[in-house]
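**Q** First the structure, which I've put down as structure tokens, then a few questions once you've had a look.
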Amino acid sequence: MLLNRNVLTGILLIFLLMGVLYYSNYLTYSFMSVEQEELTADSRHVEVHFQSHELHMVAPDHLKYDQPSIVSGRNDVVTVTPWLAPVVWEGTFNPVLLDSIYKLQNITVAATAFAVGKYVMFLKDFLETAEQHFFVGFRVHMYVFTDQPDSVPQIKMSADRQLTVLPVPSSKRWQEISARRLELIQKLIEEKLRNNSDYIFCLDVDSKVHGRWGAESLGGLIAVIHPGYYRDNRKKFPYERRPESRAYIATGEGDFYYCGGAFGGLLQEVHQLAKICCANFEADAKEGTEAAWQEESHLNRYMWINKPSKVLSPEYLRQNFYSQKPGGSHHQVLWSCQELC
Ligand code: UDP
Ligand code: MN
35 MLLNRNVLTG ILLIFLLMGV LYYSNYLTYS FMSVEQEELT ADSRHVEVHF QSHELHMVAP
95 DHLKYDQPSI VSGRNDVVTV TPWLAPVVWE GTFNPVLLDS IYKLQNITVA ATAFAVGKYV
155 MFLKDFLETA EQHFFVGFRV HMYVFTDQPD SVPQIKMSAD RQLTVLPVPS SKRWQEISAR
215 RLELIQKLIE EKLRNNSDYI FCLDVDSKVH GRWGAESLGG LIAVIHPGYY RDNRKKFPYE
275 RRPESRAYIA TGEGDFYYCG GAFGGLLQEV HQLAKICCAN FEADAKEGTE AAWQEESHLN
335 RYMWINKPSK VLSPEYLRQN FYSQKPGGSH HQVLWSCQEL C
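The sequence shown: position 253 = 287 (my numbering), numbered continuously.
Written as structure tokens, this is what we have:
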């Protein structure tokens with residue numbers, strides 16, 4: 035009798051175990067089938083749309099250019115960041131090859147510049163030199179934000195390039211002008227560029243394009259290394275050092291010191307940058323904090339967290355300390371690459 039009861043309990047336990055096993059299997063299957071159904075259903079309705087050509091670089095058939103090498107090239111500078119983004123230096127790229135690749139993609143490059151108050155005086159040089167060197171041969175759309183639309187000089191532009199002047203209110207505090215730039219760039223992308231541009235560069239108007247600035251600078255998120263600090267230890271970078279600011283970077287942290295006067299990339303990348311930096315700037319302002327170098331500080335913090343996919347060397351920017359601008363600080367000059375090296 036005792037034996038019988040034990041056998042019975044054993045059999046019952048085995049059945050129970052089998053039941054549990056079956057049920058858990060059933061659950062897995064039913065979840066899997068739900069997931070699969072959802073995937074299949076989705077793919078019937080959603081058009082797969084890749085926004086960027088970035089990953090697929092097609093060169094024209096039989097294009098002639100110099101043989102590339104991976105054993106000789108520039109050895110005086112570092113040409114790749116620790117997160118493996120290229121650092122663009124003169125001599126590291128083939129301009130003919132790059133232009134040919136990006137011409138096939140039929141891209142439009144937008145560029146913004148702000149000229150408020152006295153800064154309208156910089157427009158002529160900025161626009162003329164951009165016409166000579168900035169994405170020559172590509173479709174380029176310049177956007178000038180100004181409080182004096184009538185003072186924008188008439189520049190002769192080639193057929194594939196155009197200029198749009200967008201009026202903005204005057205402002206006395208330069209910090210305010212600088213702060214509003216990101217907000218206006220964000221709005222410009224949302225309202226005007228979304229369907230008719232691929233890339234955007236946001237440039238200081240007190241700049242001249244001195245040499246080629248072309249397809250080698252294209253990528254997802256593009257930052258330019260500030261020419262004033264590229265040899266310095268990061269302890270010395272003028273990052274925002276107060277933890278209460280949203281632009282804060284602690285001593286011993288950070289990658290490079292990037293310039294606030296030139297950045298760019300794909301529309302969606304620059305849109306996100308502008309949106310986040312602007313929101314952080316405003317949240318700081320509400321608490322009575324203004325970062326050391328306003329948007330440049332927020333940009334540096336952003337680029338530290340969101341690593342740029344390509345970095346332009348300080349060859350792309352030069353500070354010309356001899357020509358003083360109205361505000362008394364330096365006059366930046368975008369320059370040709372040969373001069374630094
Ligand atoms: N800006 C302007 N009017 C001003 C001050 C600044 O239009 O009174 C714009 C202009 O595009 C300028 C940019 O804001 O290039 C950044 O200011 P600034 O060049 O003075 O900053 P820095 O290069 O010295 O950091
Ligand atoms: Mn400037």
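Cβ coordinates follow ideal geometry from the N, Cα and C atoms, glycine included.
1) Taking contact to mean 3 or more Cβ pairs, one atom from each stretch, closer than 8 Å, check whether the stretch 134-148 and the stretch 173-189 are in contact.
2) Go through its chain and collect everything with a Cβ distance to Tyr60's Cβ below 7 Å, but skip five positions before and after it.
3) Please determine, among Val130, Ser134, His305 and Thr323, the residue with the shortest C-alpha to C-alpha distance to Leu222.
4) Just to confirm, does Tyr153 get its C-beta within under 6 Å of one of the non-hydrogen atoms of the ligand UDP?
5) Mind checking who Ala147 pairs with in its DSSP beta bridge?
6) Counting only runs of 3+ residues fully inside the stretch 255-289, write out the beta strand (DSSP E) ranges in chain order.
7) Do you know how far the Cα of Lys98 is from the Cα of Asn267?
8) In the DSSP assignment, what residue or residues form a beta bridge with Phe168?
9) Let me confirm a value: Asp232 is counted as buried when at least 16 other C-beta atoms fall within 10 Å, else exposed. Which label applies?
10) Assuming contact is defined by CB atoms lying nearer than 7 Å, are Lys158 and Pro187 in contact in what I supplied?
11) Could you tell me whether any Cβ in chain C is nearer than 7 Å to the Cβ of His260?
12) With a floor of 3 residues, list each beta strand (DSSP E) that falls wholly inside the stretch 299-352, ordered by position along the chain.
13) By the DSSP assignment, the alpha helix (DSSP H) with Pro129 in it spans what residues?
14) Tell me whether Val239 sits in a helix, a strand or coil according to DSSP, three-state version.
15) With a threshold of 8 Å, are at least 3 pairs of Cβ atoms found where one atom belongs to the stretch 190-209 and the other to the stretch 279-299?
**A** The relevant details are as follows:
1) yes
2) Residue placement at Tyr60 is flagged as unreliable, the pLDDT there being 48, under the threshold of 50; the coordinate-derived value follows with that caveat. Excluding sequence neighbours, Tyr60 sits near nothing in its chain.
3) His305
4) yes
5) Val178
6) 255-259
7) 42 Å
8) Trp247
9) buried
10) yes
11) Of the chains in the structure shown, none is chain C; there is only one protein chain.
12) 344-346
13) Pro129 to Leu138
14) coil
15) no
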